[in-house]
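Okay, so the sequence shown: first residue is 3 according to this note's numbering, each after it adds one. Glycine included, C-beta positions come from ideal geometry on N, C-alpha and C.
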Amino acid sequence: MKKIFLPFLIICFLFAERRIPAEWETQDGIWLQWPLQFEHWMRPEMAATVSAIQNYESVHLIVQNQNHLNEAQNQIQDQGGNPDSVIYHIQAHNNAWLRDNGPVYLESDNQLIINNMQFDSWGGLVPNYEEDNAIPCMIAQWLDLSCESLDFIMERGNLEFNGAGTLISNWDCWIDRNPNLNQSDLEVILMDIWGLDQIVWTYGHSQYDVTTGHIDGVARFINDSTVVVSQYADPNDEDAWIYDAAAETISNSGFHVIRINMPGYINYYNWIIPAIYVNWLQIDGAIIGNAFNVPEWDNEAQEILEFLFPEQNVILLFTPEVNLSGGGIHCITNDQPSLTLDSSLELEHSAGWNLIGLPLEVLNPSYITLFPESIEGTLYSFSGGYNPVTELINGKGYWLRFNEAGSTTISGTPINELTLSLSEGWNLISGISTSITLSDIQDPDGIIISGTVYEFAPDGYSNAEILEP
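So this is what it looks like as structure tokens:
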């Protein structure tokens, strides 16, 4: 016969959040859309961007057809990249600006979900955008994620999240796309669907800005409490007030603001392009931003970005065709957060002996690290007898002693499924990251003896019906 004994004394609360991960969190890849014929002049610069990214992360490239795939491979090779390492997806699309028509990744209940905002080509700036609207849910299908469509119209480039409940966004863009939208009503909606507790609205945009003021050309989080905001070198520039007002609003909202210089404009074939350095892409190990081929300006920006991101390699690419078309490196890319998301469990314990388990995958399973308030040398496993151990294994149960009642928070990767090997007789086991009833445990061989599942509390043992984390 085989019996099991379940450790239950610790009461666990799983904090499942709804939030948008910040762009500095671990990523699984970067996505881009290969330019169509009407934007073909951008192709060498996009190939150079792919080449820079693939030294650090996987690259997904959406191409219109096999001919475009072949051309993309040739262009990437010409730019010094490895076309064979790129993951290609043949799918019809209308533009090259995947930041805007691409997905918003939402973390909900320890899973990633793709949100598909409606896309109308920047307020109808160019026709034929229906295929772009389908891209987020196609990416969800390729990644085996759920896709939820949202009713409002917006582009991802106007959404700047800090991963901790704050969104910065330009209201001009919202009201342009959604003229019947009420700001107060929208705040309620966004706070609910994205788990926000603060929205910082900026206002104003340049008459030359075809996006109507996307925030990723104005202000960027570098951590959850610090925002970098552009600043015109010429305070009398007609658009300087937009950036100054944004900096003041963000500062008054409780964030530390750092200004980064916009030294002037470049003339590119008689087209004027502002030197905006905040439109960077942050990936695992690097910052990839825009250069403007003015050594004095670019060197200054390089030094500032290296100071702001001391652990990242800073790479500035000269992409005038992308800039002239209305954006930068950030605008043509879309970052995919890691599909492996960390969660936290708060574990309460009583004074004295406690039955514990490890319901998350962690990097360091040492009990001293996980339970620093425990008494040293008191972790015991059971296998026909009690044995002192120093590390915990998922699925096994342990005795551990504390001097005082309290709680410990453990962070790690959630466990949604677990196979346990049981010995004949009594066993100490632990469960997965969420509560399950005993009836949900799959026991095809019938080795669990009915009525022998127990939990322990200070007043003694009792039969249990639910296996807690």
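What separation, rounded to the nearest whole angstrom, lies between the Cα atoms of residue i and residue j?
i    : j    : result
V65  : I89  : 10 Å
F127 : R179 : Rather than Phe, the amino acid found at residue 127 in this sequence is Leu. Distance between the alpha carbons of L127 and R179 is about 11 Å.
L8   : Y245 : Only weak support exists for where L8 lies, its pLDDT of 37 falling under 50; the value from the coordinates is given anyway. Using only the alpha carbons, I get a separation of about 59 Å.
W43  : P105 : 25 Å
F404 : L394 : 16 Å
T51  : I331 : 8 Å
S437 : N465 : 16 Å
H207 : E109 : 31 Å
W428 : G386 : 8 Å
E457 : K398 : 14 Å
Q489 : R45  : The question about residue 489 has no answer here: the residues shown for the chain are numbered 3 through 471.
S87  : Q68  : 17 Å
E41  : R20  : 37 Å
S452 : L440 : 10 Å
I13  : E467 : The predicted model places I13 with a pLDDT of 30, which falls under 50 and marks its position as unreliable, so this point remains unresolved.
F154 : E375 : 49 Å
Do residue i and residue j have their C-beta atoms closer together than 7 Å?
i    : j    : result
S435 : L362 : yes
I278 : E59  : no
E150 : I177 : no
I217 : N160 : yes
I224 : L310 : yes
G219 : D174 : no
A221 : V231 : yes
L100 : W196 : no
E157 : I170 : no
L469 : G414 : no
C139 : N118 : yes
D30  : S345 : no
Label residue i either buried or exposed according to how many other C-beta atoms from any shown protein chain fall within 10 Å of its C-beta, with 16 as the threshold for buried.
i    : result
D477 : Lying outside 3 to 471, the shown extent of the chain, residue 477 is not represented and no answer is given.
V190 : exposed
A235 : exposed
V316 : buried
H379 : The sequence given here has Gly at residue 379, not His. Exposed: under 16 other Cβ atoms inside 10 Å.
W273 : exposed
W36  : buried
D337 : buried
T204 : buried
G462 : exposed
F10  : Summary for F10: the model assigns pLDDT 34, below 50, so the residue's position carries little reliability, and this model does not support an answer.
L420 : exposed
N269 : exposed
F257 : buried
P446 : exposed
What first and last residue would you give for the alpha helix (DSSP H) that runs through residue i?
i    : result
V52  : R45 to I55
V190 : Q185 to W196
N133 : Looking at the sequence itself, residue 133 is Glu, so the reference to Asn does not match. Taken as a continuous stretch (DSSP letters only), the alpha helix (DSSP H) holding E133 covers E132 to N135.
Y369 : Y369 to L372
Mind checking who residue i pairs with in its DSSP beta bridge?
i    : result
G408 : H351
T415 : E363
Y90  : L63
E250 : E250 pairs with nothing; no bridge assigned.
A293 : F320
C333 : For C333, which the question treats as bridged, DSSP gives no partner whatsoever.
V280 : Answer is none; V280 lacks a bridge partner.
W203 : S171
H216 : According to DSSP, H216 bridges with nothing at all.
Could you give the residue range of the beta strand (DSSP E) that holds residue i?
i    : result
R179 : That residue, R179, is in no beta strand (DSSP E); its alpha helix (DSSP H) goes W173 to R179.
P339 : N336 to P339
L161 : Unbroken run through L161: none, as it is neither H nor E.
P276 : W273 to P276
D30  : Q29 to Q35
E457 : Y456 to A459
Q113 : Q113 to Q120
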